[in-house]
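One structure below.
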């Protein structure tokens, strides 16, 4: 079985046969949420259904009753982390492997990672998550100041005051207090937290799973978080050691963020740097615990789609934190990325290009592996077209591993109304997951080969995000706008911080900055961002451009990788809401050929002078001196067959009722109307389920359409997926646009 541990470092050789088969090393990994009583029989039934549906990988997400007792219904038994729970996890992993599925582990009960679903704070109350807050009041003249309980420091302006001090007039004072923010979530900056957490999780899994761990390549870490005004004696001690002054004398700057004040900026910069260092140290503890049991650490942070999320969650520098993971990731679960065909394209304040954070961290630490947790909380109306748009928009931005959410253990009763979309064998469209999985897997494999060709980088001014409110908002807007402008111009880029600029290797001959496996010829700096003179000097040494293989086109995002054999792997993605046709302007060398590797059917096509891509579709192009057997492009294979509707009938109906989700098998004939075969006209706009259509046609095996040993079936519209049979034999599944399927000649014989 393929193992990510063996290929974290780049160097894979591209195998066209592996691509064609669809059984590539990059299957979509599904989140299997345990939300009900778990049994061995239930595990077998569900793993069997995964295997039958073409799902090739999963990890178990435990949802204990105490996770969100009032906002998320769950009845998981046995108790989280109990011996019986761990025994059933082992049983599921062993049975999954027996069925040929790849399995990961997940390090938390619910999320965010770090608290073992409240068990860390229950055993160690000293690590409750604590934050600062300010109160303002007037101290009457000549009244001695008395320190109240819970006080950290008190100030008049920036001047700290102490018990017994008096003032000759009424004086406004600010008192900074410490409060326990959560009794469930621990202080992620405290090393005691991570020692307790890894002992409760990683070590228990290690003891319970034994040899099973040898087949587990990764453990998933989900949204570990801090806070922007976290405080503890440990943080104060580390601050004093690092910066030489007392944090208690400076906390006024952490709670007062309205005014532009250079002194406050300096304090907040020091504080943010410390939080980042402590957070990274905790992440490294998680990584070391994974390595202790032979696993890679993989996961993502929270609010990564919003530049100021690095402040909200107390990360400091997103890139530095992501680099502590063996496989860094992003979180695309709240509609941050949507095709314009399906409503708002992004959340307010979100950067559509934010998946580049994970891929940039990967490139700069020497790997092509970056992950996305995608599609949860989008709703059950997600079609194959939109799922592909969400995933391929990240593929072209450097993501190579996709985690699709969610697959619940139970959808009975109210469980069917939990996180959606969910994927279940009885749900309409489940059969299309196999085809969609093969398409995504092929594309991920194709773009995992080689290393990124020299490209641009967008400067991440993360310390500016910790300045006063007005400045941080202006710089965040400039950063977001510049990234969007680069993408609108079709410019490929990574994201880079000052630390990476200063630590990278300068190739002065070529004018490139080398960081891990990445090479940057230009660094774009947002307007108003702070850049040190040393970093600016390095930026000025770059060649500031290059000769792109693909000439940029508006709305077409591109990525290019180069292999040791000097082959080029190119991904072109149509980010527009409509189908786009554009000239394929490539810069080729002598003796080089261009082939299109089709992720849908695994075939290799000749490339014409123009490309037509549906919204969300990607073209995978190989520029090489090798010669590959190939067929004409799909447009030249249009058979012009006239499909005559014969009959239609409902085979399964899906309904949502008070008592839960229902799936009913039935056979109910529908009255066909001339030229109209869509479900809305036949069964009603509110219909959800499965309709069987039958068509008759006469293939002309001697005609133009019969090319390459078969026909290309091309439909104008599919709602939402279609399983295709010819003469009673299953050919394949159409899951997304353009709605085409190659039908080999033997199906007509």
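Residue numbers (my numbering): 2 to 750. All C-beta atoms in this analysis are idealised placements derived from N, C-alpha and C, irrespective of residue type, glycine included. Values in this document were obtained by computation on a predicted structure and should not be read as measured data.
Beta bridge pairing from DSSP links residue 522 with no other residue. Annotation for residue 87: 205, 206, 209, 210 place their beta carbon closer than 8 Å to its own, counting only its chain and skipping 5 residues before and after. Residue pairing by DSSP places residue 39 opposite no residue, since no beta bridge is assigned to it. Annotated three-state conformation of residue 130 is strand, per DSSP. The Cβ-Cβ distance between residue 383 and residue 376 falls below 8 Å. The residue among 633, 581, 447, 531 with its C-alpha nearest the C-alpha of residue 564 is 447. In this structure, residue 296 lies near residue 220, with their beta-carbon atoms less than 8 Å apart. Residue environment analysis places residue 222 among the buried positions, since at least 16 neighbouring C-beta atoms fall within 10 angstroms of its C-beta.
Per DSSP, the continuous alpha helix (DSSP H) segment holding residue 204 begins and ends at 203-210. Contact between the segment 661-678 and the segment 623-630 is absent, with fewer than three C-beta pairs closer than 8 Å.
With contacts defined by Cβ atoms closer than 8 Å, residue 526 and residue 15 do not form a contacting pair.
Boundaries for residue 264: no beta strand (DSSP E) harbours it, while the alpha helix (DSSP H) harbouring it runs 263-293, taken from the DSSP string.
For residue 254, the closest alpha carbon among the candidates 189, 439, 175 is that of 175.
Distance from the CA of residue 299 to the CA of residue 697, rounded to the nearest whole angstrom, comes to 50 Å. Residue pairing from DSSP leaves residue 473 without any beta-bridge partner. Put simply, of 155, 490, 327 the residue whose alpha carbon is nearest the alpha carbon of residue 360 is 327. With fewer than 16 neighbouring CB atoms inside 10 Å of its own CB, residue 726 falls in the exposed class. In the three-state DSSP reduction, residue 14 falls in the coil class, being neither helix nor strand.
Secondary-structure assignment with DSSP links residue 33 through a beta bridge to 61, 408. Burial state of residue 395 is buried, judged by a 10 Å Cβ sphere holding 16 or more other Cβ atoms. In the three-state DSSP reduction, residue 463 falls in the coil class, being neither helix nor strand. With a cutoff of 8 Å on beta-carbon distance, residue 332 and residue 213 are scored as not near each other.
Burial of residue 47 is indicated by the presence of at least 16 other C-beta atoms within 10 angstroms of its C-beta. Going by DSSP, residue 374 is part of no alpha helix (DSSP H) but of the beta strand (DSSP E) stretching over 372-375. Residues 514, 515, 516 of the same chain have their beta carbon placed closer than 8 Å to that of residue 506, with the five preceding and five following residues left out of the count. Cβ contact annotation for residue 170 (same chain, cutoff 7 Å, sequence separation greater than five): 142, in chain order. From the listed residues 43, 10, 54, the smallest Cα separation to residue 439 is found for 54. In the three-state DSSP reduction, residue 696 falls in the strand class (E or B). With respect to the C-alpha of residue 287, the residue from 318, 197, 314, 268 having the closest C-alpha is 197. In this structure, the straight-line span from the alpha carbon of residue 155 to that of residue 265 is close to 16 Å. Counting other Cβ atoms within 10 Å of its Cβ, residue 728 stays below 16 and is therefore classed as exposed.
Annotation: residue 493 is outside any alpha helix (DSSP H) and is labelled neither H nor E by DSSP.
Listed in chain order, the alpha helix (DSSP H) runs fully inside the segment 513-595 are 534-541, counting runs of at least 4 residues. Looking from the CA of residue 185, the closest CA among 179, 194, 177 belongs to 194. Of 336, 567, 307, the smallest CA-CA separation from residue 390 is found for 336. Boundaries of the alpha helix (DSSP H) around residue 365: 357-365.
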